[in-house]
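Notes for the one structure printed next.
There are 2 protein chains.
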Amino acid sequence: MKPFHSYQNPSLAVDLVVFGYSKQNLSVLLLNRKEAPFKDRWVLPGAFLQMEERFKDTCSRVLKTKLGMDDVYLEQLFSFDEPDRDPRGRAISVAHYALVNPARVAIAAGSMANDVSWFNINELPALGFDHDSMFQQALQRLRSKITYFPVGFELLDDLFTMPELHELYECILDTTIDRRNFRRKILDSEYIINTGKKREGSQNRHPDLYKFNKKLKKNSFQINF
Amino acid sequence: MKPFHSYQNPSLAVDLVVFGYSKQNLSVLLLNRKEAPFKDRWVLPGAFLQMEERFKDTCSRVLKTKLGMDDVYLEQLFSFDEPDRDPRGRAISVAHYALVNPARVAIAAGSMANDVSWFNINELPALGFDHDSMFQQALQRLRSKITYFPVGFELLDDLFTMPELHELYECILDTTIDRRNFRRKILDSEYIINTGKKREGSQNRHPDLYKFNKKLKKNSFQINF
DNA sequence: TATCTTTGCGTCAAATTAACACAAAGATTA
DNA sequence: TAATCTTTGTGTTAATTTGACGCAAAGATA
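Going down the list, the protein sequences come from chains Z and L. Numbering-wise (our numbering), the first sequence opens with residue 1176 and increments by one. Numbering-wise (our numbering), the second sequence opens with residue 1176 and increments by one.
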C-alpha cells in the first residue's frame, strides 16, 4: 500500500460559527484579521487541520486557545469547496457551529484579545472569505434544529424559567410565539422538568425554575411555532 | 502570502451513496474492491479529489466513469474524519448521496463492470472502511428529506401515478401510509400536477398520471406520515 | 389595602388528522 | 350481457391538535 501523503492535497481547515445568547440577544463571535488576505476584515474563527486531528479536535483547539472556551456544544455543518474561496490557494473548509452560554465563558471573554468580539446576528459586518454564506447556513440550521431537538439548553443556564426559554425561541426564530401555547407545547414534549424551585428577586410573580430532561426517551420531537 | 500546498495535508476523497428505486425496491449501488485494503469487500464508490475539482465534480466523475451515469441528483451529506478510517493513511472523506432512476441508467447498468451491483437496502453486506456508517446516515437523511422536500421525483419517471408515489414513500419510510390520506396531503402540498393522462395497460382502473410541479412557489413543505 | 405587572392554568372555536365508507373504472368471466 | 373482482378516485366523520384568548394567583409597590 502506498501512503497517501505523497500526493498533493488541498489544505483542510475548520471554521466556526459560535453562537451566544445573552440578554435576549443572539450573537456570533467574530475575529478581526490582522493579516492578508482580508486584513482588517471580520471573519469566523478557524484553523487548519493538523495531521493527527479530528475536526472536533481542531475546533476545540480554536475555542480553547483563541477564545478560552471549554466543553462547547459543537456540530458539523457543511464543507465548503469553491476552488477560489481562499486566495492563498486551494483550501477546503469544514464549517461547524457552536452554542455557548456567554456567562460561562465570561472570564475568557474578559481576557479575550481585543480583535475578538460578539456581534448581534442582525448587525453583522460583511465577512471575509465565504464566511457570510457559512453564517447564513449555520443560522438556518440552528433555526431548524431548535424545532425538533432540545438544543436551546446549551445557550441557557442549567436552571431557567419558562419566560426565558420562550424569549430564546422568539429570538432565534425571529417571530412572536404565544406565551401560553408555547408553554403547553414545550411541556407536552417532556424535555424540560419543573424543579419546584423559583427564581427569586424579580419584581413580580416569581417564575418556576426548569431544567433539561436528560433522560428523555424520544430523542427528537416536532414543534411548530 | 505563502501558498498552502507546501504543507502536508490529509488526503481528500468523496464517497457516494447512490440510491435507486425500482419495482418497489430501494437499492444502493456498491462496488467490489479488487485491491487492498478491504480486498473483495463491498464498498461505496468514491474517488480522491483532484486539485482543481469541487466535490460535485469528483462525484460526477465517479458517476460517469465508474457507473456511466449523467445528470444525477446529488447532495453533500457529511465529512468523515476518523484518523484511522483508512489504513493507508490519513484521509478525509466527504460523503454524498445520489438519487437515480435505474431505468434511465439502464444502458449504463448493462455495460456496468461486474464488480458493481445494486443491493436492496435491507440486504446489504457489511461494507469496508466506515461505509456502513455513511450509508446509515444517508438513509436517515433521505427519510427525513422526503417529508419536507419533493425529492422522490428523482427516483421516478417524469410521469408517475399516485399509487406509484405512494409506494415509493412507504418503501423509503418503511411504514404503511393510508392511501387516501396520503393522496390528500400530497395534493394539498401542490407539488404534483395531474396531467389528465392515464396510465394504460393495467388490469383494473387506469390511474391518473402526474408530473412534478417545477413552478412550486414554496420550496419546502411538511408532511407527517 | 389597592394597584400593577408577570406568571401559571384553563377554555373554546377552528383547523388538521386518522380512520373508514363508497362509488367509478377497467378487465375478466359466467 | 351481466356479474364479479380489483384498483383507483372521492367524500365523510370523529378525534386530535392548534391558535387565540380569558382569568386568577403571586409578588412588589404605592
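Glycine included, every Cβ here is placed at the ideal spot set by N, Cα and C. This one's a predicted model, so the numbers in the text were calculated from it and none came from an experiment.
Assigned secondary structure, GLY1243 (chain Z) (DSSP; H/G/I helix, E/B strand, else coil) = Position 68 of the first sequence, counting from 1, holds the residue named residue 1243 (chain Z). Coil at GLY1243 (chain Z), not helix or strand.
If you draw a straight line from the alpha carbon of THR1240 (chain L) to that of VAL1280 (chain L), how long is it in whole angstroms?
-> Taking the second sequence and counting its residues from 1, one reaches residue 1240 (chain L) at position 65. Taking the second sequence and counting its residues from 1, one reaches residue 1280 (chain L) at position 105. Rounded to whole angstroms, THR1240 (chain L) and VAL1280 (chain L) show a C-alpha spacing of 13 Å.
Residues from the region 1227-1248 of chain L in contact with chain Z, defined by Cβ distance under 7 Å | GLU1227, ARG1229 and PHE1230
Who are the near neighbours of LYS1231 (chain Z) in its chain, counting only those whose CB is closer than 7 Å to its CB and skipping five residues on each side?
-> The sequence position of residue 1231 (chain Z) within the first sequence is 56, counting from 1. Here the set comprises LEU1249.
To the nearest angstrom, how far is it from the Cα of VAL1203 (chain L) to the Cα of SER1268 (chain L)?
-> For the purposes of this step, residue 1203 (chain L) is taken as the residue at position 28 of the second sequence. For the purposes of this step, residue 1268 (chain L) is taken as the residue at position 93 of the second sequence. Per the coordinates, the alpha-carbon of VAL1203 (chain L) lies some 18 Å from the alpha-carbon of SER1268 (chain L).
Please list the residues of the region 1264-1279 of chain Z that have a C-beta atom closer than 8 Å to any C-beta atom in chain L, keeping them in chain order.
-> GLY1264, ARG1265, ALA1266, ILE1267 and VAL1269
Separation of PHE1328 (chain Z) from ILE1368 (chain Z), as counted between CA atoms = By 1-based counting over the first sequence, the position of residue 1368 (chain Z) is 193. By 1-based counting over the first sequence, the position of residue 1328 (chain Z) is 153. Those two C-alpha atoms are separated by around 12 Å.
Below 8 Å, can you find three or more Cβ-Cβ pairs linking the region 1288-1307 of chain L to the region 1317-1334 of chain L?
-> Taking one beta carbon from each stretch, the region 1288-1307 of chain L and the region 1317-1334 of chain L have fewer than 3 pairs nearer than 8 Å; the two do not touch.
What residue from Z:ASN1399, Z:LEU1348 and Z:PRO1338 has the CA that sits closest to SER1364 (chain Z)'s CA?
-> Walking along the first sequence from the start, residue 1364 (chain Z) turns up at place 189. For SER1364 (chain Z), the nearest C-alpha among the options comes from Z:ASN1399.
Give me the Cα-Cα distance between GLN1312 (chain Z) and LEU1252 (chain Z), rounded to the nearest whole angstrom.
-> Start at 1 with the first residue of the first sequence, and residue 1312 (chain Z) comes out as number 137. Start at 1 with the first residue of the first sequence, and residue 1252 (chain Z) comes out as number 77. When rounded, the distance between both Cα atoms is 8 Å.
Going along chain L, which residues have a C-beta under 7 Å from ASP1256 (chain Z)?
-> Start at 1 with the first residue of the first sequence, and residue 1256 (chain Z) comes out as number 81. Within 7 Å Cβ-Cβ: ARG1229 and PHE1230.
Shorter than 9 Å from the beta carbon of ASN1295 (chain L) to some beta carbon of chain Z?
-> On the second sequence, residue 1295 (chain L) is found 120 positions in, with the first residue counted as 1. With 9 Å as the cut-off, ASN1295 (chain L) does not count as an interface residue toward chain Z.
From SER1292 (chain Z) to PRO1258 (chain Z), what does the alpha carbon distance come to, in whole angstroms?
-> As a working mapping, residue 1292 (chain Z) is identified with position 117 in the first sequence. As a working mapping, residue 1258 (chain Z) is identified with position 83 in the first sequence. Looking at the two C-alpha atoms, the distance is approximately 29 Å.
Mind the definition here: the region 1223-1237 of chain L touches the region 1210-1227 of chain Z only if three or more C-beta pairs lie below 8 Å; say whether that holds.
-> no
In or out: ARG1263 (chain L) buried (at least 16 other Cβ within 10 Å) or exposed?
-> Taking the second sequence and counting its residues from 1, the one referred to as residue 1263 (chain L) is at position 88. Label assigned to ARG1263 (chain L): exposed.
Buried/exposed call for ILE1282 (chain Z), threshold 16 Cβ in 10 Å | Counted from its first residue, the first sequence places residue 1282 (chain Z) at position 107. Residue confidence is low: ILE1282 (chain Z) scores 48 on pLDDT, short of 50, so the model does not pin down where it sits. Its coordinate-derived value is still stated next. Flag for ILE1282 (chain Z) reads exposed.
Using CA coordinates, which residue listed in L:GLN1397, L:HIS1306 and L:ASN1295 is at the minimum distance from ALA1270 (chain L)?
-> Residue mapping note: residue 1270 (chain L) aligns to position 95 of the second sequence, counting from 1. When L:GLN1397, L:HIS1306 and L:ASN1295 are compared, the shortest CA-CA separation from ALA1270 (chain L) is found for L:HIS1306.
Nearest-angstrom Cα distance between VAL1247 (chain Z) and VAL1192 (chain Z)?
-> Here residue 1247 (chain Z) refers to the residue found at position 72 when the first sequence is read from its first residue. Here residue 1192 (chain Z) refers to the residue found at position 17 when the first sequence is read from its first residue. Taking the straight line from one Cα to the other gives about 12 Å.
What does DSSP give as the partner residues of ALA1266 (chain L) in its beta bridges?
-> The count along the second sequence starts at 1 and reaches residue 1266 (chain L) at position 91. ALA1266 (chain L) is bridged to L:SER1186.
Look at the alpha carbon of ASN1276 (chain Z) and the alpha carbon of THR1370 (chain L), and state the distance between them as a whole number of angstroms.
-> Taking the first sequence and counting its residues from 1, one reaches residue 1276 (chain Z) at position 101. Taking the second sequence and counting its residues from 1, one reaches residue 1370 (chain L) at position 195. Cα to Cα, ASN1276 (chain Z) sits roughly 54 Å from THR1370 (chain L).
Mind checking PHE1255 (chain Z): buried by the 16 CB within 10 Å criterion, or exposed?
-> Here residue 1255 (chain Z) corresponds to residue number 80 of the first sequence, with the count starting at 1. Buried: at least 16 other Cβ atoms inside 10 Å.
Determine the extent of the alpha helix (DSSP H) in which GLU1401 (chain L) is found, giving its start and end residues.
-> Nothing about residue 1401 (chain L) can be reported from this structure: the residues present for chain L run from 1176 to 1400 only.
Which chain L residues sit within Cβ distance under 7 Å of ASN1184 (chain Z)?
-> Residue mapping note: residue 1184 (chain Z) aligns to position 9 of the first sequence, counting from 1. Ordered by position in chain L, the residues that pass the 7 Å Cβ test against ASN1184 (chain Z) are ASN1184, PRO1185, SER1186 and LEU1187.
Measuring CB to CB, does ASN1295 (chain L) end up less than 9 Å from LEU1201 (chain L)?
-> Translated into positions along the second sequence, residue 1295 (chain L) becomes position 120. Translated into positions along the second sequence, residue 1201 (chain L) becomes position 26. Yes, they are a contact pair.
Reduced DSSP secondary structure (H/G/I, E/B, other) of TYR1385 (chain L) | Walking along the second sequence from the start, residue 1385 (chain L) turns up at place 210. Of the three classes helix, strand and coil, the one that applies to TYR1385 (chain L) here is strand, per DSSP.
For ASN1356 (chain Z), which beta-bridge partners are listed by DSSP?
-> Here residue 1356 (chain Z) corresponds to residue number 181 of the first sequence, with the count starting at 1. Note: ASN1356 (chain Z) is not bridge-paired with any residue in the DSSP secondary-structure output.
Can you give me, in chain order, the residues of the region 1355-1381 of chain Z that have a beta carbon less than 8 Å from any beta carbon in chain L?
-> none
Is it right to say ARG1265 (chain L) is buried, meaning 16 or more other beta carbons lie within 10 angstroms of its own, or is it exposed?
-> By one-based count along the second sequence, residue 1265 (chain L) stands at place 90. Burial call: buried.
Residues that PHE1253 (chain L) contacts on chain Z, provided the C-beta gap is smaller than 8 Å | To locate residue 1253 (chain L), count along the second sequence from 1; it is residue 78. Proximity of chain Z to PHE1253 (chain L) at the Cβ level (cut-off 8 Å) is accounted for by GLN1251, in chain order.
Within the same chain, show all residues whose beta-carbon is closer than 7 Å to that of LEU1317 (chain L), passing over the 5 residues directly before and after it, in chain order.
-> Locating residue 1317 (chain L) in the second sequence gives position 142, counting from the first residue. If you ignore the 5 residues before and after LEU1317 (chain L), its C-beta comes within less than 7 Å of the C-beta of PHE1194, TYR1272 and ILE1347, all in its own chain and listed in chain order.
State buried or exposed for ASP1245 (chain L), treating a residue as buried only when at least 16 other CB atoms are found within 10 Å of its CB.
-> Locating residue 1245 (chain L) in the second sequence gives position 70, counting from the first residue. The residue is exposed, with fewer than 16 neighbouring Cβ atoms inside 10 Å.
Smallest Cα separation from ASP1290 (chain L): which of L:LEU1242, L:LEU1314, L:TYR1385 and L:THR1336?
-> Counting from one through the second sequence, the residue named residue 1290 (chain L) turns up at place 115. Closest option to ASP1290 (chain L), judged by alpha-carbon separation, among L:LEU1242, L:LEU1314, L:TYR1385 and L:THR1336: L:LEU1242.
Which class does ILE1282 (chain L) belong to by DSSP, given the choice of helix, strand or coil?
-> Residue numbering aside, residue 1282 (chain L) sits at position 107 when the second sequence is read from its first letter. Below a pLDDT of 50, predicted positions are generally treated as unreliable, and ILE1282 (chain L), at 48, falls in that range; the measurement from the model is reported next regardless. Three-state DSSP puts ILE1282 (chain L) in a helix.
For ARG1359 (chain Z) versus LEU1334 (chain Z), is the C-beta distance shorter than 9 Å?
-> Walking along the first sequence from the start, residue 1359 (chain Z) turns up at place 184. Walking along the first sequence from the start, residue 1334 (chain Z) turns up at place 159. No Cβ-Cβ contact shorter than 9 Å links ARG1359 (chain Z) with LEU1334 (chain Z).
In three-state DSSP terms, what is LYS1209 (chain L)?
-> For the purposes of this step, residue 1209 (chain L) is taken as residue 34 along the second sequence, with counting starting at 1. LYS1209 (chain L): coil per DSSP, three-state reduction.
Extent of the continuous alpha helix (DSSP H) to which SER1235 (chain Z) belongs | Counting from one through the first sequence, the residue named residue 1235 (chain Z) turns up at place 60. For SER1235 (chain Z), the uninterrupted alpha helix (DSSP H) segment begins and ends at 1230-1236.
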